[in-house]
Every structure is written in C-alpha cells, then in structure tokens.
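J.: First the structure, then my questions, so here it is.
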Amino acid sequence: MITKRIIPCLDVKDGKVVKGINFVGLREVGDPASLAKQYYEQGADELVFLDITATHEHRETMVHIVEKVAEQVFMPFTVGGGIRTPEEIRAVLRAGADKVSLNSAAVRDPDLIARSASLFGSQCIVLAVDGRMRPEKDGWNVVINGGRIDTGLDAIEWIREGVKKGAGEILLTSMDADGTKNGFDLPFLKAVRKEVHVPVIASGGCGSLEHFAEVFEQDAADAALAASLFHYGELTVGDVKKYLREKGIPVRL
Amino acid sequence: MIGIIDYGMGNLRSVENALKAIGRECVISDDPAVLHDCDKLILPGVGAFNDCMKNVTDRKLDVFMKEEVSAGKPLLGICLGMQMLYEYSEENGISKGLGFLKGRVTKMITDLPVPEIGWNELEWNHECPLRSLLSEHPYVYYVHSYCAADYDDADLAAYSMYGDIRVCGLVVRGNVMGTQFHPEKSAQDGLKILTYFAEVF
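If you're matching them up, the sequences are chains H and C in order. Under this note's numbering, the residue at position 171 of the first sequence is numbered 171, and the numbers go up by one with no gaps. Counting from 1 along the second sequence, just add 253 to a position and that's the residue number in this note's numbering.
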C-alpha cells in the first residue's frame with residue numbers, strides 16, 4: 001500500500017537553512033546538507049528545499065548545495081523558490097534534485113509549467129501554491145512573493161489549470177494557517193483534492209502529532225510538510241511516523 | 254565497472270551517487286565502445302517513453318543493448334528504463350520498446366492520484382535471492398503514471414499494490430533486471446538492491 005509521506009521543509013537563505021514565522025523574522029538554523037542527512041537518517045520520506053535568496057550568485061550556491069545533498073541522501077528531494085526558466089530547472093535536476101517546485105514564476109508565466117513538463121516530465125514539476133481566504137470567505141486567492149501580493153486569482157481554478165498544463169503534484173500552503181500551529185487548513189486542502197487527481201502535499205499550520213494524523217485520517221492530503229516543528233527539535237520524523245502507525249495510517253518505518 | 258547509459262534523459266547523477274555510496278565505480282557514457290568495456294549496464298530514464306526510445310535509437314543504443322544482453326551482460330532498467338525493457342508502450346500512442354521482456358506499458362487507471370508518487374511496500378511474487386537481503390517490509394520510492402501489463406508472471410519478482418493495481422515493481426529475466434521504483438532514491442533497501450545488482454546479479 002502506498003504510504004503517507006512526511007516531508008521536512010528547509011528554507012535556504014544565502015546557503016543556510018532558516019525558518020521564519022509568517023515569512024518574517026528569519027532566523028538561521030543550520031547547514032543544509034547536514035540537516036538533510038539528519039532527516040534522511042530519521043526516516044523522512046522526502047525533503048523540500050525552498051531557496052529564499054534573491055540574488056543570482058546565491059542561486060549558484062543553491063546548485064552546489066543540491067550537489068552536496070544528493071551525494072549524501074538517497075531519497076527524493078524537491079528544490080523551489082525563485083525558479084523562473086527551464087534552464088534553471090535543468091541545472092538543479094542535473095545537480096541531483098528530483099523535482100522542482102514552481103510558484104510565483106508560474107503565476108506570471110503559466111506556460112512555464114507546460115514547457116517544463118514537456119521537457120522534464122510532469123513527475124518533476126510541483127506546482128506550489130500559497131493561498132489565503134478571501135475577505136468574503138467564499139474561496140481562496142493565490143498570493144505570491146511570500147504572501148505580500150494577492151494575485152486575485154482563485155486558487156482552485158489556478159490549480160486546475162496548472163494540472164492541465166502538466167504539474168504532477170501540488171504543494172499547497174495555507175497562508176491563513178501558516179505559523180499558527182493550529183493544524184493544517186483542512187477545508188482548503190479538501191477543496192483542492194476534490195478538483196485534481198494528482199498528489200497533494202499539505203503545508204502550513206502543523207503544530208502537533210494530532211495535526212499530522214488529522215490531515216491523513218480525513219484524506220485531505222497525500223503528504224504533509226513541516227519545517228520549524230522539526231528544525232527546533234519539537235518532534236522528530238520518527239516520532240511522527242510512529243504515532244501515525246499507531247493510528248493505523250500507512251507510513252514507511 | 255558499471256556503465257550508466259546516457260541518452261540525454263534522466264537524472265544520471267543520482268544513480269552515480271548511489272553507486273559511489275556502495276563503493277562501486279561507474280562511468281556515464283553514450284559511447285558503445287566505453288559501455289562495452291563495462292561489466293554491467295544500467296539504463297535509467299525519466300520523461301516520456303517515446304522521447305526516451307527515440308534518443309536511444311538515434312544513438313543506436315538499442316542495437317548495442319540487444320547485442321550486449323544476448324552476449325550475457327547484466328542490464329538493469331530503472332523506472333522508464335525498466336518500462337523500455339518491454340515490447341511496447343501506450344504512452345503518447347504506441348511506441349516500440351526494447352522487447353527484452355514480454356508485455357506492454359499502459360496508463361494506470363485508478364481512483365488514487367496519478368502519478369503514483371511515494372513509498373510503497375514491495376511484496377514478493379516469487380522467491381528471489383534479494384528477499385533475504387532486504388528488510389522484512391521493504392519500502393521503495395515510486396514516481397510513475399504508467400506500468401507494465403500482460404507481462405509474464407515468471408518475470409515478476411516483487412510488486413506493490415496501488416489501489417487495485419498490482420504494479421510490477423521488480424522484474425528479473427535471465428540477465429535482465431528492472432525496477433519501476435527508484436532504487437537510488439529508496440534509502441537503505443534501495444542501496445541494497447543496487448549492491449545486489451553490482452555484486453551478485
């Protein structure tokens with residue numbers, strides 16, 4: 001049986017892993033390759049690296065990080081953050097990444113999804129969507145630039161279009177839940193899941209073991225992503241998986 | 254020396270990294286002369302079946318592999334490389350494969366998400382020397398939308414269930430081996446499968 005995946009997320013800035021609360025108040029927490037190895041040994045199913053560096057020189061740094069990680073961990077990992085062109089995708093895939101996630105760049109240029117999927121295959125194109133509930137509470141809008149810009153696009157429609165263009169997986173971050181530790185945004189996840197047939201990764205809001213169990217018990221996601229919870233040692237990946245297995249949720253242990 | 258067949262597709266670096274981690278020397282090449290000197294060959298693959306087969310045939314690597322396999326050289330196909338071992342695929346119309354294994358490659362029809370992305374348990378179909386080398390419940394990492402069908406049951410060493418679909422996970426026929434999953438991304442059990450191919454197969 002396919003298992004539910006637990007994915008630690010590492011935000012990388014200037015070559016170091018950082019994690020902010022609601023994307024502000026960044027704080028350095030460690031070296032990407034050694035953290036990756038630590039998670040690999042804990043039994044993480046995948047890793048996501050989000051490059052939150054803006055400058056070109058540091059993009060090259062990211063490629064070197066990917067190379068270093070790929071030599072040490074034998075599990076899949078995704079690289080995202082600021083990727084704009086098929087050439088940049090090729091560079092991180094060649095360095096050893098398995099997938100790339102596209103976010104703002106895909107919103108600005110939706111054909112980037114189609115071009116990349118046809119060049120590298122849908123399996124390595126993850127559409128990352130940050131969504132926030134509209135003031136009218138009648139749905140969610142896509143926000144970009146770390147939540148600073150509301151695009152006015154309906155998140156569900158955008159995801160449907162992204163999958164049509166070739167995205168093989170959705171990484172859904174709820175900006176309403178992110179940083180709250182009150183649990184994943186189940187209504188948002190379920191609304192997405194109803195619309196698309198590709199795997200959905202839940203992100204934002206996880207604060208406890210129960211939150212992981214809840215998102216899977218309610219069949220709201222195929223995988224769950226968390227960052228600070230793992231980085232600050234509140235929980236290990238092993239703790240989460242043991243708990244999920246006790247709850248009867250299929251996991252790789 | 255293990256030859257990783259480079260036909261311009263796929264993440265060859267990961268396979269190379271995994272072989273290095275198990276202490277095996279390897280060379281990435283599209284040159285039949287270089288690959289001919291290798292003891293074993295690995296055919297990786299990512300992308301669409303027809304694109305991959307076209308790149309292989311454009312480089313005449315199909316003819317090369319057929320010669321090497323009939324001369325007894327061990328060949329391991331990974332993911333799309335495994336699918337290419339079959340007679341044909343239905344991805345983007347019918348495309349001919351290498352035909353080392355009987356069967357075709359077809360789209361997975363299920364209520365579960367497609368592609369299948371994630372770790373699935375390998376279940377044994379036949380006794381296989383690998384069984385005693387792996388964990389009691391080995392999990393391996395799959396990323397695919399298509400899988401083998403109408404295959405010879407004798408070739409199927411281990412499978413994984415995806416909904417109702419019995420996904421051909423690990424196939425072995427003579428000196429040809431294939432994995433639909435990615436052993437190079439399947440942690441310790443994956444590395445053990447590569448070790449088996451490198452040292453025993």
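All C-beta atoms, glycine included, are put in the ideal place defined by N, C-alpha and C.
Identify the contact partners of ASP219/H in chain C, using a Cβ-Cβ distance below 9 Å as the criterion.
T.: As a first step, residue 219/H must be located in the first sequence, where it is residue number 219. Per Cβ cutoff of 9 Å: no residues; ASP219/H is ~11 Å from chain C at best.
J.: Between GLY81/H and ASP51/H, how many whole angstroms is the CB-CB distance? I'm expecting something under 8 Å.
T.: Counted from its first residue, the first sequence places residue 81/H at position 81. Counted from its first residue, the first sequence places residue 51/H at position 51. Going by Cβ atoms, the distance from GLY81/H to ASP51/H rounds to 4 Å, so yes, they are a contact pair.
J.: Taking 8 Å as the CB-CB cut-off, is ARG419/C touching chain H?
T.: As a working mapping, residue 419/C is identified with position 166 in the second sequence. No, because no Cβ of chain H sits closer than 8 Å to the Cβ of ARG419/C.
J.: Pick from LEU127/H, ARG5/H, PRO135/H, ALA36/H: whose alpha carbon is nearest that of HIS231/H?
T.: Here residue 231/H is taken as the residue at index 231 of the first sequence, counted from 1. Ranking the options by Cα distance to HIS231/H, first place goes to ALA36/H.
J.: Return the Cβ separation of ASN270/C and ILE2/H in integer angstroms, given the expectation that the two are a contact with Cβ distance under 8 Å.
T.: The sequence position of residue 270/C within the second sequence is 17, counting from 1. The sequence position of residue 2/H within the first sequence is 2, counting from 1. About 25 Å separates the two Cβ atoms, so there is no contact after all.
J.: Going by C-alpha distance, which of LEU225/H, LEU209/H, LEU10/H, ALA220/H is nearest VAL29/H?
T.: For the purposes of this step, residue 29/H is taken as residue 29 along the first sequence, with counting starting at 1. Measuring from the Cα of VAL29/H, the nearest candidate turns out to be LEU10/H.
J.: Measure from the alpha carbon of LEU102/H to the alpha carbon of each residue in GLU136/H, ARG115/H, GLU41/H, then state which is nearest.
T.: Stepping through the first sequence from its first residue, residue 102/H is reached at position 102. For LEU102/H, the nearest C-alpha among the options comes from ARG115/H.
J.: Who are the Cβ neighbours of LYS190/H in its own chain at under 6 Å, not counting the five residues just before and after it?
T.: Taking the first residue of the first sequence as position 1, residue 190/H is located at position 190. The answer, listed in chain order, is ALA220.
J.: Counting pairs of beta carbons, one from the segment 93 to 101 of chain H and one from the segment 123 to 131 of chain H, are three or more of them closer than 8 Å?
T.: Cβ pair count under 8 Å is three or more, so yes.
J.: Going straight from the alpha carbon of MET318/C to that of LYS293/C, what length do you get?
T.: Looking up residue 318/C in the second sequence gives position 65. Looking up residue 293/C in the second sequence gives position 40. Approximately 11 Å, taken between the alpha carbons.
J.: Is it buried or exposed for MET254/C, if we count other Cβ within 10 angstroms and need 16 for buried?
T.: Translated into positions along the second sequence, residue 254/C becomes position 1. MET254/C should be labelled exposed.
J.: Go ahead and label PRO368/C buried or exposed: buried means 16 or more other beta carbons lie within 10 angstroms of its beta carbon, across all protein chains shown.
T.: Residue numbering aside, residue 368/C sits at position 115 when the second sequence is read from its first letter. Buried, because 16 or more other Cβ atoms sit within 10 Å of the Cβ of PRO368/C.
J.: Residues of chain H with CB closer than 8 Å to the CB of VAL367/C, please, in chain order.
T.: By one-based count along the second sequence, residue 367/C stands at place 114. Under the 8 Å cutoff, chain H gives HIS197, VAL198.
J.: If we ignore side chains and look at the alpha-carbon of each, how far apart do VAL73/H and TYR40/H end up?
T.: Counted from its first residue, the first sequence places residue 73/H at position 73. Counted from its first residue, the first sequence places residue 40/H at position 40. Answer to the nearest angstrom: the Cα atoms are 6 Å apart.
J.: In chain H, what lies closer than 8 Å to TRP372/C by C-beta?
T.: Stepping through the second sequence from its first residue, residue 372/C is reached at position 119. Here the neighbours are ILE2, THR3, ARG5, ASP45, ARG252.
J.: Counting C-beta neighbours from all protein chains within 10 Å, is the total for ILE21/H 16 or more, i.e. buried, or is it exposed?
T.: In the first sequence, the residue the question calls residue 21/H occupies position 21. Its pLDDT being 45, under 50, ILE21/H is placed unreliably by the model, and nothing is read from it.
J.: When the Cα atoms are used, what is the spatial distance from LEU375/C to THR448/C?
T.: Taking the first residue of the second sequence as 1, we reach residue 375/C at position 122. Taking the first residue of the second sequence as 1, we reach residue 448/C at position 195. For LEU375/C and THR448/C, the distance between alpha carbons rounds to 17 Å.
J.: For ALA324/C, does the count of other Cβ atoms within 10 angstroms reach 16, so buried, or fall short, so exposed?
T.: Locating residue 324/C in the second sequence gives position 71, counting from the first residue. So ALA324/C ends up on the exposed side.
J.: Among ILE258/C, ALA440/C, ILE275/C, which has the Cα closest to the Cα of LEU288/C?
T.: For this step, residue 288/C is matched to residue 35 along the second sequence. The residue with the shortest Cα to Cα distance from LEU288/C is ILE258/C.
J.: Which runs of the beta strand (DSSP E) spanning at least 3 residues fall entirely within the segment 152 to 238 of chain H, listed in chain order?
T.: Those beta strand (DSSP E) runs which fall completely within the segment 152 to 238 of chain H and span 3+ residues are 169 to 174, 200 to 203, 223 to 226.
J.: Does the segment 305 to 316 of chain C come into contact with the segment 405 to 412 of chain C, if we say contact requires no fewer than three beta-carbon pairs (one atom in each stretch) closer than 8 Å?
T.: Result no; under three Cβ-Cβ pairs closer than 8 Å.
J.: Can you name the residues of chain C whose CB is closer than 7 Å to the CB of GLU71/H?
T.: As a working note, residue 71/H is residue 71 in the first sequence. Ordered by position in chain C, the residues that pass the 7 Å Cβ test against GLU71/H are ASN270.
J.: In whole angstroms, what separates the C-alpha of HIS379/C from that of ILE201/H?
T.: In the second sequence, counting from the first residue as 1, residue 379/C sits at position 126. In the first sequence, counting from the first residue as 1, residue 201/H sits at position 201. If I take the Cα positions, the gap works out to 35 Å.
J.: Rounded to the nearest angstrom, how far is the Cβ of PHE49/H from that of PHE77/H, given a contact under 8 Å?
T.: The residue you call residue 49/H lines up with position 49 of the first sequence. The residue you call residue 77/H lines up with position 77 of the first sequence. Sure, about 7 Å apart at Cβ, within 8 Å.
J.: Tell me whether ALA224/H is buried or exposed, calling it buried when 16 or more other Cβ atoms sit within 10 Å of its Cβ.
T.: As a position in the first sequence, residue 224/H is number 224, starting the count at 1. Result: buried.
J.: Quick one: which chain H residues come within Cβ less than 7 Å of GLY443/C?
T.: The residue given as residue 443/C occupies position 190 in the second sequence. Result: PHE74.
J.: Going by the beta-carbon positions, is the gap between GLN441/C and CYS400/C smaller than 8 Å?
T.: Position 188 of the second sequence, counted from the first residue, corresponds to residue 441/C. Position 147 of the second sequence, counted from the first residue, corresponds to residue 400/C. No, the pair does not count as a contact, with Cβ atoms beyond the cut-off.
J.: Which residues bound the alpha helix (DSSP H) around SER398/C?
T.: Here residue 398/C refers to the residue found at position 145 of the second sequence. Here SER398/C belongs to no alpha helix (DSSP H), and DSSP marks it neither H nor E.
J.: According to DSSP, simplified to helix, strand and coil, what is ASP290/C?
T.: Counting from 1 along the second sequence, the entry for residue 290/C is found at position 37. If DSSP states are grouped into helix, strand and coil, ASP290/C belongs with coil.
J.: Mind listing which residues of the segment 323 to 342 of chain C have their C-beta closer than 7 Å to chain H's C-betas, in chain order?
T.: Listed in sequence order: no entries.
J.: Going by other Cβ atoms of all chains shown within 10 Å of its Cβ, with 16 needed for buried, is THR85/H buried or exposed?
T.: Taking the first residue of the first sequence as 1, we reach residue 85/H at position 85. With fewer than 16 Cβ atoms within 10 Å of its Cβ, THR85/H is classed as exposed.
J.: Provide the residue span of the beta strand (DSSP E) that contains PHE49/H, from first to last.
T.: Locating residue 49/H in the first sequence gives position 49, where the first residue counts as 1. Unbroken beta strand (DSSP E) run through PHE49/H: 47 to 51.
J.: Quick one: using the 10 Å Cβ neighbour count with 16 as the cut-off for buried, is LYS241/H buried or exposed?
T.: As a working mapping, residue 241/H is identified with position 241 in the first sequence. So LYS241/H ends up on the buried side.
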